[in-house]
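Participant: Okay, so the sequence shown: first residue is 5 according to this note's numbering, each after it adds one.
Just so it is clear, CB atoms sit at the ideal spot from N, CA and C, and this is done for glycine as well.
All values derive from a computational prediction rather than experimental measurement.
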Amino acid sequence: YSSVNGQPMHGNRALITGVLKGELGFSGFVVTDWQAIDKLPGDYTHDVETAINAGIDMVMVPMQFREFIRILKMLVTSGRVPLARIDDAVRRILRQKARFRLWERPFCDRALTPQIGSAAHRAVARQAVRQSLVVLKNDAGTLPLRKDARLLVVGPRADDIGAQCGGWTVSWQGRRGAITDGTTIRQGIVDLVGKAHVEFSDDAANIDIGRSDAVIVVVGEDPYAEGHGDRGHPILAESEQALVAAAKRGGKPVIVVLLAGRPLILGTAIEDATAFVCAWLPGTEGAGVADVLFGVIPATGTLSCSWARNESDIPLNAGDPRYAPLFPYGFGLKT
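#1: With DSSP collapsed to three states, give me the class of N321.
#2: For the 8 Å Cβ check, are there 3 or more pairs between the stretch 243–253 and the stretch 285–299?
#3: Per DSSP, what are the beta-bridge partners of V281 in this structure?
#4: Pop quiz: C282 and L262 are said to be a contact at Cβ under 8 Å. What is the actual Cβ separation, rounded to whole angstroms?
#5: Compare the Cα-Cα distances from D92 to each of D207, N57, W107 and report the closest residue.
#6: At a cut of 8 Å, does the stretch 58–72 reach the stretch 101–108 through at least three beta carbon pairs?
#7: Specify the secondary structure class of S316 as computed by DSSP and reduced to three states.
#8: Quick check: what's the CA-CA separation for Q135 versus R95?
#9: In whole angstroms, give me the CA-to-CA distance for G363 and C112.
#10: Excluding five sequence neighbours on each side, which residues of the same chain lie with their C-beta closer than 6 Å to the C-beta of S6?
#11: Apply the 10 Å Cβ neighbour rule to I193 and answer buried if 16 or more other Cβ atoms are within range, or exposed otherwise.
#12: Below 8 Å, can you find three or more Cβ-Cβ pairs linking the stretch 155–175 to the stretch 305–323?
#13: Beta strand (DSSP E) containing G224: first to last residue?
#14: Could you give the first and the last residue of the continuous beta strand (DSSP E) run that contains S6?
#15: What does DSSP give as the partner residue(s) for T173 in the beta ladder?
#16: Let me know the secondary structure DSSP gives V52 once reduced to three states.
#17: At what residues does the beta strand (DSSP E) containing V158 begin and finish?
#18: Please report the straight-line C-alpha distance between I90 and D61, rounded to a whole angstrom.
#19: Would a C-beta distance cut-off of 9 Å place A218 and P257 closer than the cut-off?
#20: Going along the chain, which residues of its own chain have a beta-carbon closer than 7 Å to the beta-carbon of D185, five neighbours each way excluded?
#21: Quick one, are the C-beta atoms of G15 and D51 less than 9 Å apart?
#22: Would DSSP call P118 helix, strand or coil?
#23: Below 8 Å on the Cβ atoms is my guess for P227 versus Q177; work out the distance and round it to an integer in Å.
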């Protein structure tokens with residue numbers, strides 16, 4: 005649904021046909037997003053005409069496909085969409101079907117199905133988690149934690165695989181809870197250091213922190229996808245900040261783990277934390293987070309974007325005239 009300089013991409017002939025297919029020699033085919041040509045200005049007939057002539061080869065029309073077919077036929081018959089444009093689209097699609105031998109092998113190889121979610125696949129996913137974590141703060145060398153330390157793990161997200169996975173997992177918007185197999189962050193910690201060293205609480209205010217050597221607080225956002233996650237104020241919720249503040253009042257080192265698909269304005273959470281780790285959305289392998297927290301694998305991840313201090317700083321990009329991020333592009337502490 006994107007635009008470039010105000011020109012909707014689904015109708016941008018200059019970029020789709022001129023640059024992508026012409027200048028760059030792209031030989032594949034261009035597919036729309038879900039009902040995206042409907043976003044073009046004008047009536048539906050105009051939308052179809054504009055998109056196909058711009059260079060769209062395959063159109064995602066989940067609902068009114070019969071209407072789409074009727075209109076496109078009419079546009080070709082009337083000459084408003086050249087037959088050569090249809091031939092080009094069909095040729096591009098058939099070329100890829102031939103390339104992947106879809107006539108010889110139209111279905112998946114079911115003999116490979118048992119490999120889905122296998123130990124080998126999960127090992128790769130766990131390694132991806134290890135390498136993607138970014139340590140944003142580490143006062144007094146708090147990380148890595150000792151494996152013999154007494155730990156309090158706080159926050160419902162610490163034991164919620166759905167929160168780790170985010171949107172577009174199992175279902176479109178995702179959801180909290182045990183949505184699939186995997187390891188939560190809490191379970192990853194327990195597996196690594198032993199159950200006897202770990203206590204868990206949804207709320208740091210209702211447990212004796214004094215018995216612990218350190219507190220791990222897991223905060224973040226609920227799962228979302230696409231426009232449903234749009235927020236006018238991309239701030240870590242006050243309730244999440246309060247969870248960190250409650251942990252801090254216990255007087256022990258506080259390690260905050262953030263689950264989020266984007267940078268958030270962190271408020272008091274970054275100040276109250278002794279160490280702060282952005283785990284992004286680690287998916288099913290919460291054990292990968294534990295690996296970094298306890299030094300099984302050193303932290304090496306860096307930010308692929310700048311992290312704003314305040315809402316007023318957004319948008320924020322390296323090279324801006326007044327570039328004063330909380331954490332700059334490429335930042336990441338090593339442990």
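Facilitator: On the basis of the supplied data:
#1: Position 317 of the sequence shown, counted from the start, is the residue given in the question as residue 321. The answer is coil: DSSP assigns N321 none of H, G, I, E or B.
#2: no
#3: As a first step, residue 281 must be located in the sequence shown, where it is residue number 277. The partner list for V281 (beta bridge, DSSP) reads V139, V261.
#4: To locate residue 282, count along the sequence shown from 1; it is residue 278. To locate residue 262, count along the sequence shown from 1; it is residue 258. Their Cβ separation, rounded to whole angstroms, is 5 Å, which keeps C282 and L262 in contact under 8 Å.
#5: Indexing the sequence shown from 1 puts residue 92 at position 88. Comparing Cα-Cα distances from D92 to each of D207, N57, W107, the minimum goes to N57.
#6: no
#7: If you number the sequence shown from 1, residue 316 lands on position 312. Helix, per DSSP.
#8: Numbered from 1 along the sequence shown, position 131 holds the residue referred to as residue 135. Numbered from 1 along the sequence shown, position 91 holds the residue referred to as residue 95. The straight-line gap from Cα to Cα measures roughly 41 Å.
#9: A question about residue 363 goes unanswered here, because the residues of the chain that appear run from 5 up to 339.
#10: Locating residue 6 in the sequence shown gives position 2, where the first residue counts as 1. Sequence-distant Cβ neighbours of S6 in its own chain, meaning closer than 6 Å and more than five residues away, are M13.
#11: By one-based count along the sequence shown, residue 193 stands at place 189. It is buried - the Cβ of I193 has at least 16 other Cβ atoms within 10 Å.
#12: Because the criterion of three Cβ pairs below 8 Å is not met, the stretch 155–175 and the stretch 305–323 do not touch.
#13: Along the sequence shown, read from residue 1 onward, the residue named residue 224 stands at position 220. Run containing G224: 218–224, per the beta strand (DSSP E) assignment.
#14: Numbered from 1 along the sequence shown, position 2 holds the residue referred to as residue 6. It is not in any beta strand (DSSP E) - S6 carries neither H nor E in the DSSP assignment.
#15: Within the sequence shown, numbered from 1, the residue matching residue 173 stands at position 169. Note: T173 sits in a beta bridge opposite S175.
#16: Residue 52 sits at position 48 when you count from the first residue of the sequence shown. Helix at V52.
#17: Here the question's residue 158 lines up with position 154 in the sequence shown. From DSSP, the beta strand (DSSP E) with V158 extends over 155–158.
#18: Taking the sequence shown and counting its residues from 1, the one referred to as residue 90 is at position 86. Taking the sequence shown and counting its residues from 1, the one referred to as residue 61 is at position 57. Whole-angstrom Cα-Cα distance: 8 Å.
#19: To locate residue 218, count along the sequence shown from 1; it is residue 214. To locate residue 257, count along the sequence shown from 1; it is residue 253. Yes, the Cβ-Cβ distance between A218 and P257 is below 9 Å.
#20: Along the sequence shown, one-based indexing puts residue 185 at 181. Only G121, T288 meet the Cβ criterion.
#21: Counted from its first residue, the sequence shown places residue 15 at position 11. Counted from its first residue, the sequence shown places residue 51 at position 47. A contact, by the Cβ cut-off of 9 Å.
#22: Translated into positions along the sequence shown, residue 118 becomes position 114. Helix.
#23: Numbered from 1 along the sequence shown, position 223 holds the residue referred to as residue 227. Numbered from 1 along the sequence shown, position 173 holds the residue referred to as residue 177. Contact holds; Cβ gap of about 6 Å.
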